Amino acid sequence: MSFEDLKLHPSILKAIHDAGYTTPTPIQQQAVPELIAGHDVMASAQTGTGKTAAFMLPALHVLASPASIRSHGPRVVVLTPTRELALQVSEAAKKYGKYLKRINVVSILGGMPYALQNKLLSQPVDILVATPGRLIDHIQRGRIDFKRLQMLVLDEADRMLDMGFIEDVETIAAATPATRQTLLFSATLDNAIDKVAAKLLKTPKRIQVASAKTKLDNIEQRLHFADDLSHKNRLLDHVLRDDKLKQAIVFTATKRDADTLADNLFAQGFAAAALHGDMNQRERNRTLSRLRKGGLRVLVATDVAARGIDVADITHVINFDLPKFAEDYVHRIGRTGRAGATGIAVSFASAKDSVHLSRIERYTGQRIASHVIPGLEPRIKPRFQQDRAGNKPNAAQKRKRTSATGYDHRVNLGNADTNESGKNRGGRRGGRAFEYGNRGDTFRGNHSGKPGFSFAQAK
Ligand code: AMP
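When we follow this note's numbering, the leftmost residue of the sequence shown carries the number 827, and every step to the right adds one.
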């Protein structure tokens, strides 16, 4: 299938040609015809699959015909969970709409001055890209006229749900005409998303492309077990000194950690900077622009801030801290391996991360191979490190293999100090074996059946 087959307006086809795209991606092949036909669509597609163009090209196609209602208000509204994603969507709109006559794209984002936004909203708007909270402010102040709105796009709806924005999204939808066409894009289409769709979409076409698993095929995933913060720092230093690393995003759990780590890396001579939600928009834009221009080698970021970053030279993503949600793991590592390139995703896991790790592997359906760097071996050895490295499981483990990964971490610890070959591992190491349950409890012997890794720790 070619872009010509999608019957898009010739000016849009010209812009696609300029962008160097030759073939529509699977999500574009499936979604564009349904959207041009006027259907509501709910689609599961990860970032990196071309999902932005999948909704933006049909949106621009709609805008290629004049509006039937006279108003200054937006004809297309795109809601995104983060400012970064909103800016990226706005850029895509400008890129694909550059040959259409007078397409005015406006971004309304939290953290930007109201005066400027009021000015932008006082002019005719075609495409309004917004984060929900700030848009509600403007709606409540009566600054937005939705009379001629034709299309409402909920981008990364799962994320908006996670971040508690769904009520805002529903309030915004209620302010728009019932005749609108509604599109919902989400990493996964689960029950929670179905409920949102049932409220906001009319008999939507359901499109499911590339699972998390297929999307990650071009990314090599590595796992390093780390004993403590200082061990993580030494592992990070090693990874960052890899000659093959062009640019990297390092993810931390908190904004403060992102700042501290970026400062430390900078002090060690790395071109590093932090990106997180406590920075104002100008600081964030400046940092992102340095990253895009190659002036930054290492970006230390939190989940929300780094969402939507699309920079081709990011060869490595490093999970300094594992994400809380498995979905975030996929979003994080999707920052590398963009546009057909390959990428490397390195995760540091400490003993307390066992449950997160299991969830991530279940979600992606993939095992993350554990690696050890000579000289930086962990003191804490995961009990099944040998198995993780590909050795054959014993009969008891085979019986327990039930998860999507083909691997179940709920191995019977009836004899907690015994490894697969029946040798007393804890005794041999002069250490003890223990397991971390999913609430961080530590216990020995028969366990409760909760998922979790088992670790043998030397004293
Ligand atoms: P997205 O999934 O929207 O974040 O897009 C991921 C990347 O794919 C962006 O850099 C787009 O410019 C690029 N892209 C989108 N559609 C195509 C296509 N049909 N062919 C090649 N690249 C594309």
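Don't be surprised by glycine CBs; every beta carbon is placed ideally from N, CA and C.
Keep in mind it's a predicted model, so treat the numbers as computed, not measured.
- The C-beta distance from Phe-1051 to Ala-1132 rounds to 24 Å, too long to fall under 8 Å, and the pair is not in contact.
- For Thr-1008, no alpha helix (DSSP H) encloses it; the enclosing beta strand (DSSP E) starts and ends at 1007-1012.
- Relative to the Cα of Arg-1108, the nearest Cα in the group Lys-1178, Ile-1159, Asp-1129 and Leu-935 belongs to Leu-935.
- Leu-889 and Leu-926 do touch by the CB rule: their CB atoms are close to 6 Å apart, below 8 Å.
- Within the segment 893-975, the complete beta strand (DSSP E) runs of at least 3 residues fall at 902-905, 931-934 and 953-956.
- Secondary structure note for Thr-1086: its alpha helix (DSSP H) is the uninterrupted segment 1081-1093.
- The alpha carbon of Glu-1046 has as its nearest neighbour, out of Tyr-1155, Gly-1163 and Arg-909, the alpha carbon of Gly-1163.
- Shown here, Leu-834 sits in coil according to DSSP, grouped into three states, outside any helix or strand.
- For the pair Ala-1088 and Ala-1099, the CB atoms are nearer than the 8 Å cut-off.
- Its chain contains Ser-1176 as the residues whose beta carbon lies nearer than 8 Å to that of Asp-1054, once the 5 sequence neighbours on both sides are disregarded; these appear in chain order.
- At a cut-off of 7 Å, the beta-carbon of Pro-892 does not count as near the ligand AMP: no heavy atom of the ligand is closer than that.
- Apart from sequence neighbours up to five positions away, the residues of its chain that approach Asp-1085 with a beta-carbon distance below 7 Å are Ala-1100, ordered along the chain.
- The shortest CA-to-CA distance from His-843 to any of His-1182, Met-868, Ala-871 and Ser-828 is the one to Ser-828.
- DSSP, read as helix, strand or coil, puts Phe-1077 in strand.
- A direct Cα-Cα distance of roughly 36 Å separates Ile-1206 from Met-1105.
- Secondary structure note for Ala-1024: its alpha helix (DSSP H) is the uninterrupted segment 1017-1026.
- If the five residues before and after Thr-1005 are omitted, its C-beta is found closer than 7 Å to no C-beta atom of its own chain.
- Using a C-beta cut-off of 8 Å, the segment 1148-1163 makes contact with the segment 1118-1133, since at least three inter-stretch Cβ pairs fall below that distance.
- Gln-943 is the residue among Gln-949, Gln-943 and Thr-848 whose C-alpha sits nearest the C-alpha of Ile-962.
- The beta carbon of Leu-1026 sits closer than 6 Å to those of Ala-999 and Thr-1008, all from its chain and outside the five residues before and after it, given in chain order.
- For His-1050, the enclosing beta strand (DSSP E) starts and ends at 1045-1051.
- Across the set Asp-866, His-964, Ile-895 and Lys-920, the C-alpha of His-964 shows the shortest separation from the C-alpha of Ala-941.
- Between the ligand AMP and Gln-854, a heavy atom-to-CB distance of less than 7 Å is present.
- Between Ala-885 and Val-979 a beta carbon distance of about 7 Å is seen, short of the 8 Å cut, so the two are scored as contacting.
- Burial state of Ile-992 is buried, judged by a 10 Å Cβ sphere holding 16 or more other Cβ atoms.
- Cβ atoms of Glu-910 and Ile-1135 come within 8 Å of each other, at about 6 Å.
- Going by C-alpha positions, Gln-949 is about 56 Å away from His-1197.
- Lys-1081 has its alpha-carbon roughly 32 Å from the corresponding atom of Lys-921.
- Put simply, of Arg-1048, Ala-871 and Lys-1058 the residue whose alpha carbon is nearest the alpha carbon of Leu-1183 is Arg-1048.
- The Cβ atoms of Gly-1169 and Val-1137 do not sit closer than 8 Å to each other.
- The nearest non-hydrogen atom of the ligand AMP is less than 7 Å from the C-beta of Lys-877.
- Under the DSSP assignment, Asn-1145 falls in the beta strand (DSSP E) whose first and last residues are 1140-1145.
- In this chain, Leu-1042 is not harboured by any beta strand (DSSP E), its DSSP state being neither H nor E.
- Buried is the label assigned to Asn-1145, since at least 16 other Cβ atoms lie within 10 Å of its Cβ.
- Between the beta-carbon of Leu-1148 and that of Ile-1075 there is about 15 Å, and that puts the pair past the 8 Å contact cut.
- Taking all protein chains in view, the Cβ of Ala-1024 is surrounded by fewer than 16 other Cβ atoms within 10 Å, so the residue is classified as exposed.
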